[in-house]
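Read top to bottom, the protein sequences are chains S and V. Numbering (my numbering) for the first sequence: 3 to 118. Numbering (my numbering) for the second sequence: 3 to 118. Glycine included, every Cβ here is placed at the ideal spot set by N, Cα and C. Below: one structure, written as C-alpha cells.
There are 2 protein chains.
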Amino acid sequence: MSGRQRIATKQVKIDRVFHALGDPTRRAMVERMSQGPVSVSTLAGPLAITLAAVVQHLKILEASGLVRTEKLGRVRTCSIEAAGLSVAEQWISDRRASWERRFGRLGVLLAEEDRG
Amino acid sequence: MSGRQRIATKQVKIDRVFHALGDPTRRAMVERMSQGPVSVSTLAGPLAITLAAVVQHLKILEASGLVRTEKLGRVRTCSIEAAGLSVAEQWISDRRASWERRFGRLGVLLAEEDRG
DNA sequence: AGGATAGTTAAGCGTGTACTAAACAAATTA
DNA sequence: TAATTTGTTTAGTACACGCTTAACTATCCT
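Encoded structure:
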C-alpha cells in the first residue's frame with residue numbers, strides 16, 4: 003500500500019491549482035502569460051526545455067483552470083484565466099482570516115495592557 | 003538526462019511555499035493550524051496516515067516557512083507563520099496586478115463603447 | 001524503576017512527475 | 001508541390017514524493 007491520499011474529495015480544483023503552481027517552470031509560464039497572451043513557442047523560448055515538455059505543462063495549467071488556450075491556424079494562443087488564480091488567492095486569504103481572527107483577540111489584550 | 007529544472011535560481015523560498023501547498027494533506031494541516039497552535043498528534047488525529055508521515059509533512063512545511071514549531075517537554079507545538087502565506091499571496095497578487103493592468107486598458111475601451 | 005505517551009529517524013516500496021527523443025499532423029510560405 | 005513552421009503524441013527514463021514499518025529516544029506518570 004502506498005501512493006497519494008485523498009482526504010475530503012470535495013475541492014478537486016484547488017488541489018490542481020496549487021499543484022500546478024508548485025512547479026517553477028509552470029509559474030514562469032504563468033508570469034509570462036500575465037503580461038499578455040502568447041503562443042506556445044514564444045512561451046517555450048526562454049525555458050531551456052523542449053517544446054514537448056512545454057505542451058505537457060500547458061495541459062496541466064489548462065486542466066487546473068489557471069490558463070485558457072485557443073488555436074487559430076497552426077498557432078495556439080495561451081492566456082491567463084483570472085478565476086483560476088482567485089481560487090488559490092481565496093484559500094490563502096481564508097486561512098489568513100482565520101489566523102488573524104485568533105491573533106486579533108490577543109492583539110486587543112496587548113493593546114489594553116499598552117494603554118495601562 | 004532528466005529530473006527537475008532550475009530556471010532563475012533567485013526565489014528559493016517561493017518555490018518551497020507553493021510546493022508545500024500543493025499537497026492536500028499539508029493544506030489540511032495548515033487549515034488546522036490556522037485555527038490555533040496544535041501538537042503533532044492532534045494534527046495527525048483526523049489524517050488517516052501514520053504519525054511518521056505527519057512529521058515528514060511537518061518538516062516540509064517548516065522548511066517552506068509556512069509553519070513554525072517549538073518543542074516543550076515531549077510535545078511539539080505547531081503554528082502558522084503568517085509571513086509564509088504572504089509570500090504566496092504576494093506572488094498571486096503580483097500576477098493579477100500585471101494581468102489587470104493589461105485587461106484594464108481593454109476595460110476602458112469596452113466601457114467607452116458601453117456609454118455609447 | 002517500569003510503563004505509557006509523544007515524537008523522531010531510517011530503510012524501503014510503488015507511484016507520480018518532468019523530461020527527452022522521435023515520429024507525426026497540419027497550416028503556411030516559397 | 002515541396003519545404004518550413006508550429007504544435008502534438010507516444011514511449012521510455014531517472015528521480016522525487018508520499019507512505020509504511022520498525023527501531024529508537026526522551027519525557028511524563030504511577
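Taking residue i as the query, report the chain S residues whose CB atoms sit under 7 angstroms from its CB, ordered along the chain.
| i | result |
| --- | --- |
| V/H120 | Here chain V has residues from 3 to 118 only, and residue 120 of chain V is not among them. |
List, in order along the chain, the chain V residues whose C-beta lies closer than 7 angstroms to that of residue i?
| i | result |
| --- | --- |
| S/S36 | R97, S100 and W101 |
| S/A90 | I94 |
Let me make sure I understand the geometry here. Which of the options has the alpha-carbon closest to that of residue i?
| i | options | result |
| --- | --- | --- |
| S/S43 | S/Q37, S/E33, S/S36 and S/A55 | S/A55 |
| S/I16 | S/L63, S/E102 and S/E72 | S/L63 |
| V/R78 | V/A30, V/V89 and V/V40 | V/V40 |
| S/K61 | S/R104, S/V32, S/G75 and S/P48 | S/V32 |
| S/E102 | V/S81, V/W101 and V/A30 | V/S81 |
Near residue i, which residues of its chain fall below 6 angstroms by C-beta distance, leaving aside the five closest residues on each side in sequence?
| i | result |
| --- | --- |
| V/A46 | L53 and V56 |
| S/E72 | T79 |
In chain order, what residues of the same chain lie with their CB nearer than 8 angstroms to the CB of residue i, ignoring the 5 residues before and after it?
| i | result |
| --- | --- |
| V/I51 | T27 |
| V/A85 | G67 |
Taking a contact to mean a Cβ-Cβ separation below 8 angstroms, would you say residue i touches residue j in this structure?
| i | j | result |
| --- | --- | --- |
| S/R97 | V/S36 | yes |
| S/G75 | V/G24 | no |
| S/G38 | V/R104 | yes |
Give every residue of the same chain whose Cβ lies closer than 7 angstroms to the Cβ of residue i, excluding the five residues on either side of it in the sequence, and list them in chain order.
| i | result |
| --- | --- |
| S/A65 | R18 |
| V/E83 | G67, L68, V69 and R70 |
| V/F20 | A90 |
| S/A22 | R28, I62, L63, S66 and L68 |
| V/W93 | I16 |
Since residue i meets chain S, which of its residues come closer than 8 angstroms, beta carbon to beta carbon?
| i | result |
| --- | --- |
| V/V32 | R97 |
| V/A85 | Here the premise fails: no neighbours, minimum Cβ distance about 11 angstroms. |
Name the chain S residues that come within less than 9 angstroms of residue i, Cβ to Cβ?
| i | result |
| --- | --- |
| V/L45 | Within chain S, no residue comes near V/L45; the closest Cβ sits about 14 angstroms away, beyond 9 angstroms. |
Near-chain S residues of the segment 67-79 of chain V (beta-carbon distance less than 9 angstroms), N- to C-terminal order: Residues passing the 9 angstroms Cβ filter: none.
field: Cβ-based contacts, 9 angstroms cut-off: residues of the segment 47-68 of chain V near chain S
entry: Taking a C-beta cut-off of 9 angstroms against chain S, the contacting residues of the segment 47-68 of chain V are L49, A50, I51 and A55, listed in chain order.
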